[in-house]
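Asker: Protein chains in written order, with the working numbering: chain W, 1 to 112; chain S, 1 to 110.
Ideal placement from N, C-alpha and C gives every residue a C-beta, glycine not left out.
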């Protein structure tokens, strides 16, 4: 596609509910990143894929967070048993840092 | 520790005034430095990166390794420059993660 596509754009979850956020990167991009952006903050790194391999998951805040990219294209970020502190915008990006990432529009997650 | 600091949350100027958005960093090694911009209701996008030494939309940024700074400058601000600006760094030449600052909101008044 022409850009990085994320769905849904908005998600409201009740505390304790599981959610799944989807990212469609730019076709052919090997690298895919997930970031979390809390209100008033800059994006913070969550995890990185090179094709289907998850090479860095050091930013995942807890074991409730899980990401996958089984075929090296579409990626899903799953959050189990959501908590209020999980409320944030979740950004996906594909590309390379030297040439500049292309970011998606993000998914705004609100946990109530 | 790897860190990017943007000391100003908000910078307000009048159209035609010079603009400088400050960015300082802490990194053990030689980082790549970037400025990303987010206009209202749009996605985050790359504005410029230090290795290309280019000017985009009249903005420039010079990497000062002695002061560990990468300030963004424009001599004459335009109303359309109003946006959120994020400074970011990554490891040199690697597919490393980006570390972002907290951002500075630039408001340009007519």
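In angstroms, rounded to a whole number, what distance separates the CA positions of residue 81 of chain W and residue 12 of chain W?
Answerer: One C-alpha to the other measures close to 13 Å.
Asker: Flag this pair as touching only if the segment 11-29 of chain S and the segment 41-53 of chain S have three or more C-beta atom pairs under 8 Å; answer yes or no.
Answerer: They do not touch, by the three-pair rule.
Asker: Keeping to the same chain, check which residues put their C-beta closer than 6 Å to that of residue 69 of chain S; ignore five residues upstream and five downstream.
Answerer: These residues qualify, in order along the chain: 24.
Asker: Taking only three categories from DSSP, how would you classify residue 8 of chain S?
Answerer: The answer is coil: DSSP assigns residue 8 of chain S none of H, G, I, E or B.
Asker: Would you mind telling me which residues of chain S sit closer than 8 Å to residue 10 of chain W, beta carbon to beta carbon, in chain order?
Answerer: Near residue 10 of chain W there are no residues of chain S at all, since even the closest Cβ is about 14 Å away, more than 8 Å.
Asker: Taking the alpha carbon of residue 40 of chain W as the reference point, which residue from W:89, W:77, W:103 has its own alpha carbon closest?
Answerer: Closest option to residue 40 of chain W, Cα to Cα, is W:89.
Asker: Under the rule that 16 or more other beta-carbon atoms within 10 Å means buried, what is residue 29 of chain S, buried or exposed?
Answerer: Label assigned to residue 29 of chain S: exposed.
Asker: Which residues bound the beta strand (DSSP E) around residue 13 of chain W?
Answerer: Residues 10-13.
Asker: Once DSSP output is grouped into helix, strand and coil, what is the label at residue 67 of chain S?
Answerer: Coil at residue 67 of chain S, not helix or strand.
Asker: Is the segment 30-46 of chain S touching the segment 81-101 of chain S in the sense that three or more CB pairs, one from each, lie closer than 8 Å?
Answerer: Short answer: they touch.
Asker: Of all Cβ atoms in chain S, is any one closer than 7 Å to the Cβ of residue 75 of chain W?
Answerer: No - not a single Cβ of chain S is within 7 Å of the one on residue 75 of chain W.
Asker: Tell me whether residue 61 of chain W is buried or exposed, calling it buried when 16 or more other Cβ atoms sit within 10 Å of its Cβ.
Answerer: With fewer than 16 Cβ atoms within 10 Å of its Cβ, residue 61 of chain W is classed as exposed.
Asker: Taking a contact to mean a Cβ-Cβ separation below 7 Å, would you say residue 20 of chain W touches residue 57 of chain W in this structure?
Answerer: Not in contact: residue 20 of chain W and residue 57 of chain W (Cβ atoms no closer than 7 Å).
Asker: Drop a sphere of 10 angstroms on the beta-carbon of residue 43 of chain W, count the other beta-carbons inside from all chains shown, and report buried for 16 or more, exposed for fewer.
Answerer: Buried: at least 16 other Cβ atoms inside 10 Å.
Asker: Using a Cβ-Cβ cut-off of less than 7 Å, list which residues of the segment 66-78 of chain S approach chain W; keep chain order.
Answerer: Residues: none.
Asker: Would DSSP call residue 54 of chain S helix, strand or coil?
Answerer: Reduced to three states, the DSSP call for residue 54 of chain S is coil.
Asker: Please classify residue 69 of chain W as buried or exposed, where buried requires at least 16 other C-beta atoms within 10 Å of its C-beta.
Answerer: Classification of residue 69 of chain W: buried, given that the 10 Å Cβ count is 16 or more.
Asker: Would you mind sorting residue 95 of chain W into buried or exposed? The rule is 16 or more other CB atoms within 10 Å of its CB.
Answerer: Buried, because 16 or more other Cβ atoms sit within 10 Å of the Cβ of residue 95 of chain W.
Asker: I'd like to know whether the C-beta of residue 97 of chain S is nearer than 7 Å to at least one C-beta of chain W.
Answerer: At least one chain W Cβ lies under 7 Å of residue 97 of chain S.
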